[in-house]
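Numbering (the numbering used here), first residue to last: 14 to 178.
Structure, as structure tokens:
Right under this line is the structure:
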């Protein structure tokens, strides 16, 4: 009888833990229709980009993952970001077209569909489309957990910097 009582108690504890974990660890589906495209020129984000049209298509906000966010960013030919840094780093996965990226102390690099760029914490850089071909990339940007900050925007990329070799 004691064994049955002990098994019953253990089963009840196990079931309550499983049920509790199911409510805490459920999947979250963010529907496409709930994630609106952002045309940069029509928002306050326009101060962080130059040279042409840029569109941001959010994939998931940092609130879902707590440590990072993801978005597709499409740059029309000539469009680019300002110089900026990321306090928790950024992966850039080029999904379409041809673009450029450059670090403050480095040369401008050409990136194409399939290329992946890792930008370490605090490295000053920019990225955007090539002068003749649009580029889309998926960015996975880390965020500082305590503050949620994921980018520090700096000065615009000059035409001279953009057109350098």
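All residues carry an ideal CB built from backbone N, CA and C; glycine is no exception.
Identify which residue in the options has its Cα closest to the Cα of residue i.
i, options, result
"residue 172", "51, 142, 153 and 64", "64"
"residue 59", "94, 72 and 112", "94"
"residue 143", "167, 164 and 114", "114"
"residue 170", "108, 106, 102 and 91", "91"
"residue 53", "67, 47 and 46", "67"
"residue 50", "102, 141, 165 and 70", "70"
"residue 145", "165, 154, 112 and 163", "112"
"residue 167", "123, 98 and 38", "98"
"residue 158", "45, 123, 101 and 124", "101"
"residue 104", "38, 117 and 136", "136"
Using the three-state DSSP reduction, which class does residue i fall into: helix, strand or coil?
i, result
"residue 45", "helix"
"residue 63", "strand"
"residue 158", "coil"
"residue 173", "helix"
"residue 72", "strand"
"residue 164", "coil"
"residue 35", "Low confidence applies to residue 35: its pLDDT is 46, below 50, so where it sits in the model is not reliable enough to give any reading."
Measuring only the C-alpha atoms, how far is residue i from residue j?
i, j, result
"residue 126", "residue 55", "27 Å"
"residue 138", "residue 83", "18 Å"
"residue 34", "residue 80", "Any reading at residue 34 is ruled out, since the residue's pLDDT is 42, under 50, leaving its predicted position unreliable."
"residue 32", "residue 74", "For residue 32, the predicted model reports a pLDDT of 43, less than 50, meaning its position is unreliable; a value from the coordinates is still stated below. Rounded to the nearest angstrom, the two C-alpha atoms are 27 Å apart."
"residue 110", "residue 133", "23 Å"
"residue 176", "residue 40", "45 Å"
"residue 164", "residue 178", "26 Å"
"residue 36", "residue 128", "Low confidence applies here, because residue 36 scores a pLDDT of 47, under 50, leaving its location unreliable; read the following figure in that light. When rounded, the distance between both Cα atoms is 39 Å."
"residue 155", "residue 47", "22 Å"
"residue 120", "residue 161", "31 Å"
"residue 187", "residue 131", "What the structure shows of the chain is the stretch from 14 to 178, and residue 187 is not part of that stretch, so it cannot be assessed."
Between residue i and residue j, how many whole angstroms is the CB-CB distance? I'm expecting something under 8 Å.
i, j, result
"residue 181", "residue 148", "Missing from the structure shown is residue 181; the chain here goes from 14 to 178 and no further."
Would you mind listing the beta strand (DSSP E) stretches within the segment 78-141 that are 3+ residues and don't spill past its ends, in chain order?
-> 81-88, 103-116, 122-125 and 129-132
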